[in-house]
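Novice:
In our numbering, the protein residues as written are 54 to 502.
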């Protein structure tokens with residue numbers, strides 16, 4: 054039998070309730086932690102010119118290290134997402150921050166290419182302790198009526214890290230060698246991790262064998278009325294127990310999860326292409342100074358921050374229609390890709406500020422809202438597993454922007470990046486289209502095990 058399930062924090066949530074911390078402390082802690090993890094993961098991108106100069110590496114060498122991190126990051130995000138369904142997300146985040154920070158510091162102390170590749174791969178593994186537990190904490194803390202807004206706020210941490218870190222690290226590189234940037238970006242997550250014990254009881258490790266959902270209304274997300282409520286006011290709706298194995302099976306059979314996961318490849322690929330190669334393209338191919346090139350990539354991220362901030366509240370105002378808003382932003386991304394194509398051969402940095410800024414705005418929105426849609430397309434007690442699948446597949450897009458794109462550019466030159474920017478948004482629209490009218494997870498079919 055089906056019962057309409059209004060939003061309610063899962064009854065058997067396996068971590069201490071994030072509601073125990075004040076909202077401001079929750080937001081500050083999670084914001085800083087996500088910013089720190091993002092900054093630590095992208096240190097190689099911003100220091101690549103220094104490594105290429107000191108060790109005489111070529112683009113494919115940097116691409117190899119970048120791809121190895123992307124692959125290990127994808128696997129670890131799947132594991133991290135799955136683990137957060139059973140243990141404290143705060144503990145996973147704490148361990149990830151400390152270990153990723155140490156990897157950056159250790160990286161700065163080595164010179165062997167094979168050692169650097171190994172350390173950067175390990176860093177990717179611990180990076181999986183970043184976004185998956187944060188997404189789990191956001192899903193548990195906020196009801197659908199405000200989830201889009203707060204998800205956008207926290208997602209801005211990534212945009213700020215991408216936008217401001219190149220400027221800060223650029224100053225460090227100008228005053229010191231590239232190693233100083235790795236040390237700074239290693240200390241950032243370690244220091245951010247200090248806030249976690251003050252925000253969450255991180256050692257609450259109660260495991261769950263059963264998942265449940267309370268069908269009583271805590272923060273209604275729709276006007277539908279549950280069958281339990283129809284029986285009479287004042288009566289508590291029944292709690293439905295569903296095995297985790299059943300929920301995992303539901304996720305694996307969900308075409309919504311798979312479509313969004315595949316779509317994310319065509320979202321992450323062009324974004325990563327700009328982040329990984331954009332500054333190098335502008336300085337080498339268009340003769341723009343390194344400082345100005347870094348500022349263009351900063352514009353891509355900082356204008357992207359506006360897209361991130363806008364898309365969540367818009368989807369909340371539109372009654373939680375996440376995929377309709379995603380689809381509209383994907384259309385804007387297609388338009389932005391055409392603007393990039395139009396200005397591709399320009400040597401004026403202002404043209405690239407406009408083109409990359411528009412592309413950053415349009416693509417940053419869906420990057421945020423896909424995660425919200427994933428959370429709402431599955432049972433609330435299995436969101437970690439769903440995030441894991443999504444993140445694992447999405448990371449393929451980021452990995453393709455490393456060594457594979459580097460090889461493509463050996464044959465096509467810098468037009469390889471242009472190809473990714475022009476074609477990917479069109480595919481993204483096609484994959485979003487079937488989900489525009491898809492309803493969130495509101496009904497649970499109960500099967501007794």
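Every residue gets a Cβ at the ideal spot worked out from N, C-alpha and C, and that includes glycine. All figures in this text were calculated on a predicted structure; none of them were measured in a lab.
#1: Taking the straight line between their C-alpha atoms, what separation do you get for residue 111 and residue 125?
#2: For residue 178, which residues from the same chain have a beta carbon less than 8 Å from its beta carbon, with the 5 sequence-adjacent residues on both sides left out?
#3: Would you tell me roughly how many angstroms separate the C-alpha atoms of residue 390 and residue 382, rounded to the nearest one?
#4: By the 10 Å Cβ neighbour count, where 16 or more other Cβ atoms means buried, how is residue 494 classified, buried or exposed?
#5: Please state whether DSSP places residue 269 in a helix, a strand or coil.
#6: Check this for me: beta carbons of residue 206 and residue 307, under 8 Å apart or not?
#7: Pull up the CB-CB distance for residue 209 and residue 358, whole angstroms please, since I reckon it's below 8 Å.
#8: Would you mind reading off the limits of the alpha helix (DSSP H) that contains residue 110?
#9: Please state the DSSP three-state secondary structure of residue 198.
#10: In terms of residues, what are the limits of the alpha helix (DSSP H) holding residue 137?
#11: Pull up the distance between the alpha-carbon of residue 342 and that of residue 233, whole angstroms please.
#12: Residue ranges of each beta strand (DSSP E) run of no fewer than 3 residues wholly in the segment 284–355, ordered along the chain?
#13: Do you know whose CA, among 190, 92 and 418, lies nearest residue 253's CA?
#14: Assess, as a yes-or-no matter, whether the segment 208–223 is touched by the segment 144–151 under the definition of 3 or more beta carbon pairs within less than 8 Å.
#15: When you compare the segment 316–328 with the segment 463–478, are there three or more beta-carbon pairs, one atom per stretch, that lie closer than 8 Å?
#16: Take residue 94 and list the residues in its own chain whose beta-carbon comes closer than 6 Å to its own, dropping the five residues that flank it on each side.
#17: Give the DSSP-derived three-state secondary structure of residue 491 in the structure shown.
#18: Can you say whether residue 354 is buried or exposed, counting buried as having 16 or more other CB atoms within 10 angstroms of its CB?
#19: Here's the rule: buried if 16 or more other CB atoms are within 10 angstroms of the residue's CB, otherwise exposed. What is residue 305?
#20: Considering only the beta carbon of each residue, do residue 89 and residue 150 sit closer than 8 Å?
#21: Do you know offhand how far residue 345's Cα is from residue 228's?
#22: Quick one: measure Cβ to Cβ for residue 134 and residue 197, integer angstroms, because I've assumed they're closer than 8 Å.
#23: Does the distance from the CB of residue 194 to the CB of residue 84 come in under 8 Å?
#24: With the cut-off set at 8 Å, would you say residue 338 and residue 467 are in Cβ contact?
#25: Nearest to residue 214 by alpha carbon, out of 336, 323, 96 and 423?
#26: Nearest to residue 172 by CA position, among 123, 132, 202 and 137, is which residue?
#27: Are the Cβ atoms of residue 92 and residue 238 separated by less than 8 Å?
#28: Please classify residue 426 as buried or exposed, where buried requires at least 16 neighbouring CB atoms within 10 angstroms.
#29: Exposed or buried, which one is residue 410 when buried takes at least 16 other CB atoms within 10 Å?
#30: Pick helix, strand or coil for residue 164, following the three-state DSSP scheme.
#31: Confirm, please, whether the CB-CB distance from residue 481 to residue 320 is below 8 Å.
Specialist: By the coordinates alone:
#1: Against the chain shown, residue 111 aligns to sequence position 58. Against the chain shown, residue 125 aligns to sequence position 72. Distance between the alpha carbons of residue 111 and residue 125: 22 Å.
#2: On the chain shown, position 125 is the one that residue 178 refers to. Taken in chain order, the residues that qualify are 125, 126, 128 and 129.
#3: Indexing the chain shown from 1 puts residue 390 at position 337. Indexing the chain shown from 1 puts residue 382 at position 329. Approximately 12 Å, taken between the alpha carbons.
#4: Taking the chain shown and counting its residues from 1, the one referred to as residue 494 is at position 441. It counts as buried.
#5: Start at 1 with the first residue of the chain shown, and residue 269 comes out as number 216. Low confidence applies to residue 269: its pLDDT is 36, below 50, so where it sits in the model is not reliable, and the reading given next is rough at best. Here residue 269 sits in coil by DSSP.
#6: The residue labelled residue 206 in the question sits at position 153 within the chain shown. The residue labelled residue 307 in the question sits at position 254 within the chain shown. Cβ distance not < 8 Å, so residue 206 and residue 307 don't count as in contact.
#7: In the chain shown, residue 209 corresponds to position 156, counting from 1. In the chain shown, residue 358 corresponds to position 305, counting from 1. Right, their Cβ atoms sit about 5 Å apart.
#8: Counting from 1 along the chain shown, the entry for residue 110 is found at position 57. First-last for residue 110: undefined, no H or E at that position.
#9: Counting from 1 along the chain shown, the entry for residue 198 is found at position 145. Helix at residue 198.
#10: By one-based count along the chain shown, residue 137 stands at place 84. Note, residue 137: premise wrong, no alpha helix (DSSP H); not H, not E.
#11: What you label residue 342 is simply residue 289 of the chain shown in a count that begins at 1. What you label residue 233 is simply residue 180 of the chain shown in a count that begins at 1. Going from the Cα of residue 342 to the Cα of residue 233 covers about 22 Å.
#12: 292–296
#13: In the chain shown, residue 253 corresponds to position 200, counting from 1. The option with the nearest alpha carbon to residue 253 is 190.
#14: no
#15: Counting Cβ pairs under 8 Å, three or more are found: they touch.
#16: If you number the chain shown from 1, residue 94 lands on position 41. The answer, listed in chain order, is 180.
#17: Reading the chain shown from its first residue, position 438 is the one you call residue 491. Residue 491: coil per DSSP, three-state reduction.
#18: Stepping through the chain shown from its first residue, residue 354 is reached at position 301. Buried.
#19: The count along the chain shown starts at 1 and reaches residue 305 at position 252. So residue 305 ends up on the exposed side.
#20: As a working note, residue 89 is residue 36 in the chain shown. As a working note, residue 150 is residue 97 in the chain shown. Going by C-beta atoms, residue 89 is nearer than 8 Å to residue 150.
#21: Taking the first residue of the chain shown as position 1, residue 345 is located at position 292. Taking the first residue of the chain shown as position 1, residue 228 is located at position 175. So the alpha carbons of these two residues sit roughly 17 Å apart.
#22: Along the chain shown, one-based indexing puts residue 134 at 81. Along the chain shown, one-based indexing puts residue 197 at 144. That pair is no contact at about 20 Å.
#23: As a first step, residue 194 is located in the chain shown; it is residue number 141 there, counting from the start. As a first step, residue 84 is located in the chain shown; it is residue number 31 there, counting from the start. For residue 194 and residue 84, no; Cβs fall outside 8 Å.
#24: Mapped onto the chain shown, residue 338 falls at position 285. Mapped onto the chain shown, residue 467 falls at position 414. Between residue 338 and residue 467, the gap from beta carbon to beta carbon is short of 8 Å.
#25: Here the question's residue 214 lines up with position 161 in the chain shown. The option with the nearest alpha carbon to residue 214 is 96.
#26: Your numbering for residue 172 matches position 119 in the chain shown. Of the listed residues, the one whose Cα sits closest to residue 172 is 123.
#27: As a working mapping, residue 92 is identified with position 39 in the chain shown. As a working mapping, residue 238 is identified with position 185 in the chain shown. Cβ atoms of residue 92 and residue 238: closer than 8 Å.
#28: Counted from its first residue, the chain shown places residue 426 at position 373. Buried.
#29: Numbered from its first residue, the chain shown carries residue 410 at position 357. Residue 410 comes out buried.
#30: As a first step, residue 164 is located in the chain shown; it is residue number 111 there, counting from the start. The answer is coil: DSSP assigns residue 164 none of H, G, I, E or B.
#31: Here residue 320 refers to the residue found at position 267 of the chain shown. Here residue 481 refers to the residue found at position 428 of the chain shown. In contact: residue 320 and residue 481 (Cβ atoms closer than 8 Å).
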